[in-house]
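Asker: In the numbering used here, the protein residues as written are 93 to 348.
What follows is the structure, encoded as structure tokens:
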């Protein structure tokens with residue numbers, strides 16, 4: 093049972109309709125936050141909100157394309173209009189990694205991954221930070237990176253570049269906003285059992301048994317809630333002296 097460590101906090105979770113984002117939104121609501129589930133997928137996003145409300149939590153859904161600045165601005169504005177402020181954000185929205193060698197890159201696919209997975213995080217930071225600065229009471233932002241933020245993988249140059257960039261954005265945002273008492277950190281998940289991972293395995297005709305031993309010292313895929321728990325700690329006052337850092341939730345893969 094999670095205690096109310098985010099009681100009365102207002103939190104945005106992008107990519108909150110499924111996978112790690114949904115697990116994060118649900119966990120944050122359990123911890124007492126009023127949660128805005130932000131995603132392009134309205135059907136699944138509203139289902140997450142309904143589940144939170146059924147469990148006694150508070151949440152709303154907002155449809156957003158994080159690669160478009162005006163839509164991210166509208167997301168933050170809608171959050172403040174509904175709940176009066178913004179205290180916490182988890183920038184999790186991402187699209188499926190590219191699948192080609194760099195020498196065979198599909199330019200449109202590359203642009204899409206960079207637009208959502210890197211530019212989208214930058215835009216979220218821009219509008220979230222601006223709101224928190226105006227409030228003048230600090231805040232906490234968690235960006236979701238990946239083991240690909242540290243270890244290159246073949247056939248997904250755009251995703252690797254984007255996730256490396258997320259760590260860079262995290263460090264710059266932390267450096268620039270410490271004086272405002274705004275903490276910015278990152279979580280780097282490894283092989284987590286999400287629809288994105290399952291779709292990737294299906295495309296390769298592979299299974300968890302094929303890949304888990306190579307990707308995890310624990311011999312299994314991680315659960316989305318295990319990633320959410322790292323984000324919850326960073327978002328809460330339990331991590332009040334932590335900023336500009338990255339927590340790997342990868343069963344030791346990045347250090348192999």
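In this text, a Cβ means the ideal position worked out from N, Cα and C, and glycines have one as well.
With H, G and I counted as helix, E and B as strand and the rest as coil, what does DSSP make of residue 153?
Answerer: Correct three-state label for residue 153: strand.
Asker: Considering only C-alpha positions, which residue in the set 297, 301, 270, 187 is nearest to residue 228?
Answerer: When only C-alpha atoms are compared, the closest one is 270.
Asker: For residue 226, does the count of other Cβ atoms within 10 angstroms reach 16, so buried, or fall short, so exposed?
Answerer: By the 10 Å Cβ count, residue 226 comes out exposed.
Asker: Could you have a look at residue 281 and say whether DSSP puts it in helix, strand or coil?
Answerer: Correct three-state label for residue 281: strand.
Asker: Answer yes or no: do residue 279 and residue 339 have a C-beta to C-beta separation smaller than 7 Å?
Answerer: The answer is yes: Cβ separation under 7 Å.
Asker: Per DSSP, what are the beta-bridge partners of residue 235 in this structure?
Answerer: Answer is 183, 278, bridged to residue 235.
Asker: For a test of the three-state rule: what should DSSP assign to residue 292, helix, strand or coil?
Answerer: Of the three classes helix, strand and coil, the one that applies to residue 292 here is helix, per DSSP.
Asker: Taking buried to mean at least 16 other C-beta atoms within 10 Å of its own C-beta, is residue 98 buried or exposed?
Answerer: The residue in question, residue 98, is buried, as its Cβ has 16 or more Cβ neighbours within 10 Å.
Asker: Please list the terminal residues of the continuous beta strand (DSSP E) segment that includes residue 339.
Answerer: 338 to 341 is the span of the beta strand (DSSP E), which, as asked, contains residue 339.
Asker: When you compare each of 96, 202, 138 to residue 107 by their alpha carbons, which one comes out closest?
Answerer: Cα-wise, what sits closest to residue 107 is 138.
Asker: Would a C-beta distance cut-off of 7 Å place residue 311 and residue 284 closer than the cut-off?
Answerer: Their beta carbons are not under 7 Å apart, which means residue 311 does not touch residue 284 by this criterion.
Asker: What are the start and end residues of the beta strand (DSSP E) that includes residue 104?
Answerer: Residues 102 to 106.
Asker: Out of curiosity, what's the CA-to-CA distance linking residue 341 and residue 305?
Answerer: Near 16 Å, if we compare the C-alpha coordinates of residue 305 and residue 341.
Asker: Which residues in the same chain as residue 244 place their Cβ atom closer than 8 Å to its Cβ, once the five residues preceding and following it in sequence are excluded?
Answerer: Correct list, in chain order: 252.
Asker: From the DSSP output, read off the bridge partner residues of residue 314.
Answerer: DSSP output for residue 314 lists 284 as bridge partner(s).
Asker: In whole angstroms, give me the CA-to-CA distance for residue 146 and residue 198.
Answerer: If you take the alpha carbons of residue 146 and residue 198, they lie about 44 Å apart.
Asker: So, residue 121 versus residue 158, is the Cβ gap smaller than 7 Å?
Answerer: No.
Asker: When DSSP labels each residue in this structure, what does residue 126 get in the three-state scheme?
Answerer: Strand, per DSSP.
Asker: For residue 141, which option in 202, 153, 124, 148 has the closest C-alpha, if you only look at C-alpha atoms?
Answerer: Checked all of 202, 153, 124, 148; the closest Cα to residue 141 is 153.
Asker: Would you mind stating whether residue 179 and residue 101 have Cβ atoms separated by less than 7 Å?
Answerer: Yes, Cβ-Cβ distance for residue 179 and residue 101 is below 7 Å.
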